[in-house]
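Reviewing the structure listed below.
As structure tokens, this is what we get:
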């Protein structure tokens, strides 16, 4: 008899995977602005360079003098090397390269309403992951394919209190989609598969304050709320023998999961040293500890998965050099701590502490059009995965992961 432990990591992990191919840790995505990408997102809540401030700090809209439309795309190419141990594991391969090439789009609109008020609208992806192992992956009992994406629509208002202080607020409408497959290995059913899909809409908010401390120094603080979801979807079993609670022909049944994406706080400063040089520094705190344990409920009971994630910090510094009135050059460096550790890291969450290096440029084609480009390189510390299998065959999996990624982004802004 196959017990429920064989498919324990089902709907719960479908939304608890990590974005090993993207520029932020955990399951977060940083690529909502290419102008910010060039400085490793240092100064995200204090710079307000264009309409992408709708995401970075809604109070920053107060700095935009004209209506703006800004949109772009970031492309990510990731690489994963796996050095696996064969002890107590089933036969299989460890090819790595689990993250397919990814593209992250975004778009924003900002319009002044009067001297005090601005309105903005943003469409972006704050969380997402795709991890795709080969079918013969040695650790396929613990995970094979995962795809999770959150898409957010954010209408926003900012209000300038006085010449120095502005505030902003925007509700967020968030759509989450998740899909997962795994291949529980068993001598009686070697081709057995578990496939899960689920989705939901959740609501949150983004707020911020921006202060011009002096004519050259700005400080910003932004807060993104948690968002609660109740994912509802289907769990389908293929090539299994009869299991209590399932139909004899390996049908499907409904499942649900309560899941919360964490809140975060970003604070940063922007200092214009002179007419040529601008310096940025910032930190972001994320409450990943909300993902201690996740429980999925289905027809015959429930299953849980311990994650034991911890809160984490990311720190970034950046610099911009105004080469001439039309061209600005950017560079940045960031340290981004992982929410998981060697003790709790899994094949679906093989991320570690990150270092991010970035370069960028902004070109003012004329008074109405700006093009921003950026390149980023991510290098992770080596991370250990040691997962014990609770099935009778005790098919454990141990490996060392080395992850890295290249990112390239382009953004076009039009003012009118």
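Numbering (mature numbering (1 follows the signal peptide of the UniProt record, and there is no 0)), first residue to last: -24 to -1, 1 to 392. For each residue, glycine too, the CB sits at the ideal point set by N, CA and C.
Name the one or two DSSP bridge partners that residue i has.
{"i": "residue 455", "result": "It is not possible to answer for residue 455, since the shown part of the chain is limited to -24 through 392."}
{"i": "residue 136", "result": "142"}
{"i": "residue 206", "result": "234"}
{"i": "residue 282", "result": "269"}
{"i": "residue 59", "result": "376"}
Among the residues of its own chain, which have a CB less than 6 Å from the CB of residue i, if the five just before and after it don't count?
{"i": "residue 234", "result": "206"}
{"i": "residue 183", "result": "145, 199"}
{"i": "residue 35", "result": "134, 142, 143, 144, 184, 185, 186"}
{"i": "residue 287", "result": "263, 264, 265"}
{"i": "residue 236", "result": "202, 204, 266"}
{"i": "residue 248", "result": "192, 254"}
{"i": "residue 376", "result": "59, 358, 360"}
Looking only at its own chain, which residues have a Cβ that is under 7 Å from the Cβ of residue i, when we skip the five neighbours before and after it?
{"i": "residue 308", "result": "14, 15, 16, 18, 292, 293, 294, 334"}
{"i": "residue 283", "result": "-9, 267, 268, 269, 270, 320"}
{"i": "residue -22", "result": "With a pLDDT of 38 at residue -22, under the threshold of 50, the modelled position of this residue cannot be trusted; read the value that follows with caution. Around residue -22: no qualifying Cβ."}
How many whole angstroms separate the CB atoms of residue i and residue j, which I take to be in contact at a CB cut-off of 8 Å?
{"i": "residue 20", "j": "residue 258", "result": "6 Å"}
{"i": "residue 392", "j": "residue 4", "result": "In fact, because the Cβ distance is near 33 Å, the residues do not count as touching under 8 Å."}
{"i": "residue 267", "j": "residue 285", "result": "4 Å"}
{"i": "residue 46", "j": "residue 31", "result": "Rounded, the Cβ-Cβ distance is 11 Å, inconsistent with contact."}
{"i": "residue 321", "j": "residue 383", "result": "Contact flag wrong, Cβ pair sits at about 23 Å."}
{"i": "residue 147", "j": "residue 202", "result": "That pair is no contact at about 14 Å."}
{"i": "residue 302", "j": "residue 250", "result": "That belief does not hold up - the Cβ atoms of residue 302 and residue 250 are roughly 18 Å apart, past 8 Å."}
{"i": "residue 85", "j": "residue 28", "result": "Not confirmed; about 11 Å, so no contact."}
{"i": "residue 252", "j": "residue 298", "result": "5 Å"}
Are the Cβ atoms of residue i and residue j separated by less than 8 Å?
{"i": "residue 179", "j": "residue 23", "result": "no"}
{"i": "residue 7", "j": "residue 338", "result": "no"}
{"i": "residue 55", "j": "residue 265", "result": "no"}
{"i": "residue 52", "j": "residue 78", "result": "yes"}
{"i": "residue 26", "j": "residue 38", "result": "no"}
{"i": "residue 304", "j": "residue 310", "result": "no"}
{"i": "residue 242", "j": "residue 260", "result": "yes"}
{"i": "residue 262", "j": "residue 240", "result": "yes"}
{"i": "residue 126", "j": "residue 151", "result": "yes"}
{"i": "residue 101", "j": "residue 80", "result": "yes"}
{"i": "residue 313", "j": "residue 336", "result": "no"}
{"i": "residue 329", "j": "residue 357", "result": "yes"}
{"i": "residue 140", "j": "residue 188", "result": "yes"}
{"i": "residue 137", "j": "residue 177", "result": "no"}
{"i": "residue 60", "j": "residue 374", "result": "yes"}
Please find out if some non-hydrogen atom of the ligand GTP comes closer than 7 Å to the beta-carbon of residue i.
{"i": "residue 266", "result": "In the structure shown, the ligand GTP is absent, as is every other ligand, since no ligand is present at all."}
Might you give, ordered along the chain, the residues of its own chain that have their beta carbon closer than 8 Å to the beta carbon of residue i, omitting 5 neighbours on each side?
{"i": "residue 344", "result": "390, 391, 392"}
{"i": "residue 353", "result": "332, 333, 334, 380, 381, 382, 383"}
Original post:
Can we say the segment 187 to 194 touches the segment 147 to 155, given the rule of at least three CB pairs closer than 8 Å?
Top reply: no
Subject >> Given 8 Å, three or more beta-carbon pairs between the segment 123 to 134 and the segment 90 to 106 >> reply: yes
Original post:
Is the number of C-beta pairs between the segment 65 to 81 and the segment 108 to 117 that are closer than 8 Å three or more?
Top reply: yes
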